[in-house]
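The sequence shown maps to residues 31 to 327 in our numbering. Note that CB positions come from ideal geometry on N, CA and C, so glycine has one too. What you are looking at is a predicted structure, and each value in this text was computed from that prediction instead of being measured. All remarks here apply to the structure that follows.
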Amino acid sequence: MERLPMNVIVTVTFNALNDDILEPFLDSIEAQRNRDFILLIVDNASTDGTADYLRQLDRPNTHVILNDENVGFAKGCNQGLAFARSHGATHITFINNDTEFNDSLMHAMVGSLEEQKADALVPLITYYSQPDRIWFVTGSFRLARGIIPFHDHIGRLRREVPMKAIEDTKFASGCCITFNIDSFEAMNGFDERHFVYWEDAELCMKMAAAGQRIVVDTRLECRHKVSVSTGGSFSAFSIYHFTRGHMIFVRDHFGKVITALVICVSLAKAVLNVIRGRMKIRGLKSWYRGIASGLRG
Numbered sequence: 031m032e033r034l035p036m037n038v039i040v041t042v043t044f045n046a047l048n049d050d051i052l053e054p055f056l057d058s059i060e061a062q063r064n065r066d067f068i069l070l071i072v073d074n075a076s077t078d079g080t081a082d083y084l085r086q087l088d089r090p091n092t093h094v095i096l097n098d099e100n101v102g103f104a105k106g107c108n109q110g111l112a113f114a115r116s117h118g119a120t121h122i123t124f125i126n127n128d129t130e131f132n133d134s135l136m137h138a139m140v141g142s143l144e145e146q147k148a149d150a151l152v153p154l155i156t157y158y159s160q161p162d163r164i165w166f167v168t169g170s171f172r173l174a175r176g177i178i179p180f181h182d183h184i185g186r187l188r189r190e191v192p193m194k195a196i197e198d199t200k201f202a203s204g205c206c207i208t209f210n211i212d213s214f215e216a217m218n219g220f221d222e223r224h225f226v227y228w229e230d231a232e233l234c235m236k237m238a239a240a241g242q243r244i245v246v247d248t249r250l251e252c253r254h255k256v257s258v259s260t261g262g263s264f265s266a267f268s269i270y271h272f273t274r275g276h277m278i279f280v281r282d283h284f285g286k287v288i289t290a291l292v293i294c295v296s297l298a299k300a301v302l303n304v305i306r307g308r309m310k311i312r313g314l315k316s317w318y319r320g321i322a323s324g325l326r327g
């Protein structure tokens, strides 16, 4: 007998209590009309009261794992894969808890994924503060930008961008993504060398090499509070981990010559961000640390 679809939704938390992140996210989950899912919250040793809050959490279809240390986003997600398998899940969804969405999204993502016979599916992702603007619809890797995963049409008004209902994509953001669990497990989950950032890019490269298909259903929407959970795009934390992951990714997939070129492009962009006032000059130290650590692997 064929199994009915069952989705384990995994979200990884770290200090998510004090920025109006977690409660609205949980409200979005609880509002889902279809209950064919389990929510798993993996907390990475939060220090702001999030762990204590989760210990006392009493919401339906919800389980919590409290890690003793911050193991990073990728490893936290992989804990979710083990949990999903043990609970007989057919699908697994990874979603940031700095998101909000309507009362049918989780069920609709699984249904659309099955309908498309794809391996992974993401919705249209918009800015929470400006839901008429696109944050992610499709993505690609661009050499001219240093082989970073590029969000096509980022920041553009939705009405300005022609979109088919279903779009194939080479890159999909891990902000909100549903997998056929067999397809995800075949890729051995996320690469745990990536503490945060780049785990989605790494996985997309592996999926493409294996002939797996990733689609975007633009009829579905998730609203993202961009960079709230990591302190902003130009925090020392973000600069270090983004740069480190970038080096690991490029070194693994493109070789020494391209890696050297990418370092030059990355440095030029970092300096330009300082000149434009987006990044403080001490951010260059975080950039350098990220380069050195990423090259060591």
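| Item | Value |
| --- | --- |
| For Tyr-92, I'd like the list of residues in its chain whose CB is within less than 6 Å of its CB, leaving aside the five on either flank, ordered along the chain. | Sequence check: residue 92 is Thr here, not Tyr. Cβ within range, chain order: Leu-69. |
| On the premise that Cys-252 lies in contact with Ala-202, defined as a C-beta separation below 8 Å, what is that separation, rounded to the nearest angstrom? | Their Cβ separation, rounded to whole angstroms, is 12 Å, which puts Ala-202 and Cys-252 out of contact at 8 Å. |
| How would you label Pro-192, buried or exposed, when you count the other beta carbons within 10 angstroms and need 16 or more for buried? | exposed |
| Using the three-state DSSP reduction, which class does Pro-54 fall into: helix, strand or coil? | helix |
| When the Cα atoms are used, what is the spatial distance from Gly-110 to Leu-84? | 16 Å |
| Where do the ends of the alpha helix (DSSP H) carrying Ser-116 lie? | 103-116 |
| Do you know how far the Cα of Gly-285 is from the Cα of Leu-250? | 38 Å |
| Let me make sure I understand the geometry here. Which of His-271, Val-292, Phe-272 and Ile-269 has the alpha-carbon closest to that of Val-280? | Val-292 |
| Which partner residues does Gly-169 have in the DSSP bridge list? | His-181 |
| Kindly identify the DSSP beta-bridge partner or partners of Arg-163. | Leu-187 |
| For Cys-294, count neighbouring C-beta atoms within 10 Å of its own C-beta (all shown protein chains included) and say buried if the count is 16 or more, exposed if not. | exposed |
| Report the start-end ranges of each beta strand (DSSP E) in the stretch 206-265 that is 3 residues or longer and not cut off at the edges. | 206-210 and 244-254 |
| Return the CA-CA distance between Asp-50 and Asn-303, expressed in angstroms with no decimal places. | 29 Å |
| Roughly how many angstroms lie between the CA atoms of Gly-190 and Ile-164, to the nearest whole one? | With the sequence shown as reference, residue 190 is identified as Glu, and Gly is not the correct amino acid for it. Each residue's alpha carbon lies about 10 Å from the other. |
| Could you tell me the alpha carbon to alpha carbon distance between Asn-126 and Ala-46, rounded to whole angstroms? | 11 Å |
| Can you find a C-beta in chain D that's less than 8 Å from the C-beta of Ala-195? | Structure shown: chain D not included; a single protein chain is present. |
| What's the call for Phe-166, buried or exposed, on a 16-neighbour Cβ count within 10 Å? | buried |
| Just checking, does the stretch 101-110 make contact with the stretch 221-231 on the three C-beta pairs under 8 Å criterion? | yes |
| Terminal residues of the continuous alpha helix (DSSP H) containing Leu-325? | 313-326 |
| So for Phe-201, helix, strand or coil by DSSP? | coil |
| Under three-state DSSP, which class holds Glu-130? | strand |
| What does a CB cutoff of less than 6 Å around Phe-19 pick up in its chain, not counting 5 residues either side in sequence? | Residue 19 is absent from the model: the chain starts at 31 and stops at 327. |
| Considering Asp-22, what are the terminal residues of the beta strand (DSSP E) in which it resides? | With the chain running from 31 to 327 in the structure shown, residue 22 is simply not present. |
| Three or more beta-carbon pairs under 8 Å between the stretch 233-248 and the stretch 145-154, yes or no? | yes |
| Who does Pro-153 pair with in a DSSP beta bridge? | Asp-247 |
| Buried or exposed: Pro-153, going by 16 or more other Cβ atoms within 10 Å of its Cβ? | buried |
| Please classify Asn-303: does DSSP put it in a helix, a strand, or coil? | helix |
| Within the chosen definition, does the stretch 173-181 reach the stretch 204-211 through at least 3 CB pairs nearer than 8 Å? | no |
| DSSP three-state label for Phe-44, please. | coil |
| Quick one: what's Val-292 bridged to in DSSP? | For Val-292, which the question treats as bridged, DSSP gives no partner whatsoever. |
| Considering only the beta carbon of each residue, do Arg-243 and Asp-198 sit closer than 8 Å? | yes |
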